[in-house]
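Below is one structure; the comments refer to it alone.
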Amino acid sequence: MASPVTLRASSYEESLNQWRQWRRSNLHWLASFWSVFLSCLALAVVAGLVYFYPHPLLITGVGLVLLLIVVDAITPDVHSARVASPEALERLEADMAAGAEALQEPVFEFSGVADIAETTNILAGTASLTYRTSGQVSSSIPEAKPAKPVRVRRSFPETLLWRPELITNEQGRLEIDVQLADSITTWQLSASAVSATGRLGATQQPVQVFQPFFVDLNLPVALTRNDVVTVPIVVYNYLDAPQTVELTINRDEWYVPLGDQQENVLQVELQPREVRSLEYPLKAVRVGRHMLEVTARAGEAADALRKEVTVDSDGIKVEQVASGSLDDPATLEVLVPADAIEGSVSAVLKLYPSRFSELLEGMEGIFRRPSGCFEQTSSTTYPNVLALDYLKRTGQQLPEIEANARQYIHLGWQKLISFEVAGGGFDWFGNPPANVTLTAYGLMEFQDMARVYDVDPEVLARTREWLLSRRRPDGHWPADRGMLNDGLAGAVQRGDNLDLVSTAYVAWAVFGDQKQRNNDPRAEVTIDYLLAHPAG
18 MASPVTLRAS SYEESLNQWR QWRRSNLHWL ASFWSVFLSC LALAVVAGLV YFYPHPLLIT
78 GVGLVLLLIV VDAITPDVHS ARVASPEALE RLEADMAAGA EALQEPVFEF SGVADIAETT
138 NILAGTASLT YRTSGQVSSS IPEAKPAKPV RVRRSFPETL LWRPELITNE QGRLEIDVQL
198 ADSITTWQLS ASAVSATGRL GATQQPVQVF QPFFVDLNLP VALTRNDVVT VPIVVYNYLD
258 APQTVELTIN RDEWYVPLGD QQENVLQVEL QPREVRSLEY PLKAVRVGRH MLEVTARAGE
318 AADALRKEVT VDSDGIKVEQ VASGSLDDPA TLEVLVPADA IEGSVSAVLK LYPSRFSELL
378 EGMEGIFRRP SGCFEQTSST TYPNVLALDY LKRTGQQLPE IEANARQYIH LGWQKLISFE
438 VAGGGFDWFG NPPANVTLTA YGLMEFQDMA RVYDVDPEVL ARTREWLLSR RRPDGHWPAD
498 RGMLNDGLAG AVQRGDNLDL VSTAYVAWAV FGDQKQRNND PRAEVTIDYL LAHPAG
């Protein structure tokens with residue numbers, strides 16, 4: 018990008034002569050002005066003497082004014098200032114003339130993008146980046162200047178923006194300002210919209226963030242104390258000229274450099290548009306959250322970034338808990354062993370306004386992301402359902418907790434229905450044949466889930482019908498043989514008569530609801546079977 022204004026030796030002399038001519042012309046007009054002004058002042062003084070004569074007091078005042086003007090005119094300081102003005106102008110001319118001799122052509126050339134822009138405008142499905150451009154010196158300067166401070170890049174989020182509630186104007190347009198992160202990457206902009214009439218629209222656009230010279234640091238997210246790692250430092254030179262790059266790694270007490278890299282300043286030669294990687298071995302020695310910063314300089318091109326790393330303790334974790342009440346002041350003592358790892362000791366103080374607040378905090382810890390097979394997914398999803406149902410029934414307004422619970426319940430529901438076997442029923446991994454006991458457990462879970470989540474009623478209906486299809490004519494469900502030796506089998510299949518236990522369990526899932534039991538005549542045969550076998 019060319020500079021709009023240049024200073025060159027061929028044009029400087031002409032500019033200097035023009036300035037001198039302008040100065041002489043203006044000084045001439047200034048001298049003429051002062052001559053006219055003093056003449057008018059003298060005439061005014063004479064007219065005053067004539068007009069006020071013979072008033073001695075007024076004549077004396079006018080005389081004093083004239084005397085002050087004369088004294089001021091002959092004062093040494095005034096005379097020095099009058100003489101110094103042309104001398105200062107002569108020195109200024111001499112300095113400018115010397116500057117003209119020092120000019121070489123060209124002095125500066127501006128090119129490239131030096132800084133990542135802070136904002137990007139997104140309008141009507143299009144994205145554009147705004148860049149700041151800074152000068153890059155291409156020829157030598159007689160006097161070396163101190164290195165300019167480099168902006169340290171430190172923000173590297175995985176998701177830059179998430180805005181699900183934006184409203185457009187009447188023309189369907191929307192403009193927002195987005196502050197970019199420090200990542201040199203191509204962001205994927207995904208936008209979807211729905212109109213008032215239900216029409217859908219979506220688009221994807223890349224948003225590229227780039228600068229021609231930068232450094233990257235591939236640092237692990239977490240380390241354990243005494244870990245020895247080799248940290249790759251990658252330098253990117255997309256400039257059109259070769260660069261001698263000086264890398265400076267900040268020294269900190271949390272690590273010790275190893276091998277040949279005892280110095281924190283490294284040097285690497287890069288050809289135009291070359292990328293090179295260096296290795297920096299280190300040993301983590303101090304527990305805690307730390308930063309590693311690296312700065313790369315190549316002439317006027319420079320970049321710096323700082324990344325965070327957590328160093329965990331390699332010892333045995335020891336926790337101590339003490340509690341009390343503010344109504345009864347107490348001193349809490351925490352014993353720290355003499356061999357405790359430095360930096361690993363931490364304390365957390367929690368104040369609860371009531372016992373119920375403490376209960377709600379424990380409830381928040383119930384919610385977990387579902388994973389695993391049908392039973393493992395249920396072990397996290399079912400407690401989420403029961404906890405959210407409790408909040409709903411007690412009228413507790415906790416939007417953040419409810420949002421997390423609903424998200425996990427949604428994920429659990431989607432995963433659970435993926436284990437449905439073709440033809441009906443559920444299996445631990447979705448493989449036929451379906452298991453009756455597991456399906457009954459799932460039906461109870463889905464019915465409870467329907468109180469807090471939009472469960473598909475078709476799933477409930479066909480699961481119930483499949484269980485009824487597995488019932489024997491006398492109303493009982495035979496116990497599943499060869500079940501996984503897990504918690505469900507141990508909880509259901511107990512006692513000497515496994516068929517009786519299995520029938521009671523499945524019947525509770527199919528006919529457990531009072532209204533359903535009264536309205537479904539198919540429950541009678543199962544009730545008769547259970548009553549014919551009293552508990553023993």
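Numbering (our numbering) for the sequence shown: 18 to 553. We put the CB at the ideal spot given by N, CA and C, even for glycine. Quantities reported herein were computed from a predicted structural model and do not represent experimental measurements.
Q: Run the CB neighbour count on T214, radius 10 Å, all protein chains shown included, and call it buried at 16 or more, exposed below.
A: exposed
Q: Please confirm whether A526 and M466 have their CB atoms less than 9 Å apart.
A: No, Cβ-Cβ distance for A526 and M466 is not below 9 Å.
(Q) Measuring only the C-alpha atoms, how far is L614 from Y399? (A) In the structure as shown, the chain begins at 18 and stops at 553. Residue 614 is therefore absent and cannot be evaluated.
Q.
Does chain D have any CB closer than 9 Å to the CB of A219?
A. Within the model displayed, chain D is absent; a lone protein chain is all it includes.
Q. Straight-line CA distance for S330 to Q260?
A. So the alpha carbons of these two residues sit roughly 41 Å apart.
Q: Compute the distance between the beta-carbons of L10 and V245, then report whether it is under 9 Å.
A: Here the chain comprises residues numbered 18 to 553, so residue 10 is not present and cannot be evaluated.
Q. How big is the Cα-Cα spacing for E392 and R423?
A. 19 Å
Q.
By the three-class DSSP mapping on this structure, what secondary structure does Q571 have?
A. The structure shown does not extend to residue 571, since the chain spans only 18 to 553, so no value can be given for it.
Q) Do you know offhand how far F446's Cα is from I426's? A) Near 19 Å, if we compare the C-alpha coordinates of I426 and F446.
Q. Starting from V402 and walking both ways along the alpha helix (DSSP H), at which residues does that stretch end?
A. 391 to 411
Q.
I'd like the list of long-range same chain contacts for Y253, defined as Cβ closer than 6 Å, with 5 residues on each side in sequence excluded.
A. F231, V292
Q. Apart from the five residues on each side of it in sequence, which residues of its chain come closer than 7 Å, Cβ to Cβ, to K432?
A. The answer, listed in chain order, is P387, T394.
**Q.** Buried/exposed call for T348, threshold 16 Cβ in 10 Å
**A.** exposed
Q. Since I441 and W483 are thought to touch, with beta carbons under 8 Å apart, how far apart are those beta carbons, to the nearest angstrom?
A. Looking at the sequence shown, residue 441 is not Ile but Gly. W483 and G441 do touch by the CB rule: their CB atoms are close to 3 Å apart, below 8 Å.
Q | Helix, strand or coil at H550 [DSSP, three-state] | A | coil
Q.
If you reduce the DSSP assignment to three classes, tell me which class Y522 lands in.
A. helix
**Q.** Test item: CB-CB of G492 and T520 under 9 Å
**A.** yes
Q.
Using only the alpha-carbon positions, how far apart do R168 and L256 sit?
A. Approximately 19 Å, taken between the alpha carbons.
Q) Can you tell me whether F443 is buried or exposed, with buried defined as 16 or more other CB within 10 angstroms of its CB? A) By the Cβ neighbour-count rule, F443 is buried, with 16 or more other Cβ atoms within 10 Å of its own.
Q: Can you grab the Cα-Cα spacing for the pair P551 / A540, in whole Å?
A: 18 Å
Q. Beta carbon of V282, beta carbon of L264: below 9 Å?
A. For V282 and L264, yes; Cβs fall inside 9 Å.
Q) Would L403 pass as a contact of E419 if the rule is Cβ separation under 9 Å? A) no
(Q) With DSSP as the reference, identify every bridge partner of Y272, one or two as the case may be. (A) A301
Q) How would you label I544, buried or exposed, when you count the other beta carbons within 10 angstroms and need 16 or more for buried? A) exposed
Q | Reduced DSSP category for I383 - H, G, I as helix; E, B as strand; rest coil | A | For I383, the three-state secondary structure derived from DSSP is coil.
Q) Considering only residues of the same chain and omitting the five flanking positions on each side of R303, which have a CB-CB separation below 8 Å? A) The residues R242, E270, W271, Y272, V328, E359, G360, in chain order, have a CB closer than 8 Å to that of R303 in the same chain once the five nearest residues on each side in sequence are set aside.
Q. The alpha helix (DSSP H) with R479 in it runs from where to where?
A. Segment 474 to 486, the alpha helix (DSSP H) holding R479.
Q | Cα-Cα separation, D194 to V335 | A | 48 Å
Q: Give the range of the beta strand (DSSP E) segment to which Y253 is assigned.
A: 245 to 254
Q. In chain order, which beta strand (DSSP E) runs of at least 3 residues are fully inside the segment 278 to 342?
A. 282 to 287, 291 to 301, 305 to 315, 318 to 329
Q: Apply the 10 Å Cβ neighbour rule to Y522 and answer buried if 16 or more other Cβ atoms are within range, or exposed otherwise.
A: Y522 is buried by the Cβ-count criterion.
Q) Leaving out five residues before and five after L477 in sequence, what residues of the same chain have Cβ atoms less than 8 Å from its Cβ? A) L460, F463, Q464, A467
Q) Taking the alpha-carbon positions, what's the L377 to L368 distance? A) Counting only the Cα atoms, L368 lies some 13 Å from L377.
Q) Less than 9 Å separating the beta-carbons of L295 and L236? A) no
Q: Just tell me which of P490, S340, L287 has its CA closest to the CA of E350.
A: S340
Q) Among A451, L485, R488, G429, which has the Cα closest to the Cα of D471? A) Ranking the options by Cα distance to D471, first place goes to G429.
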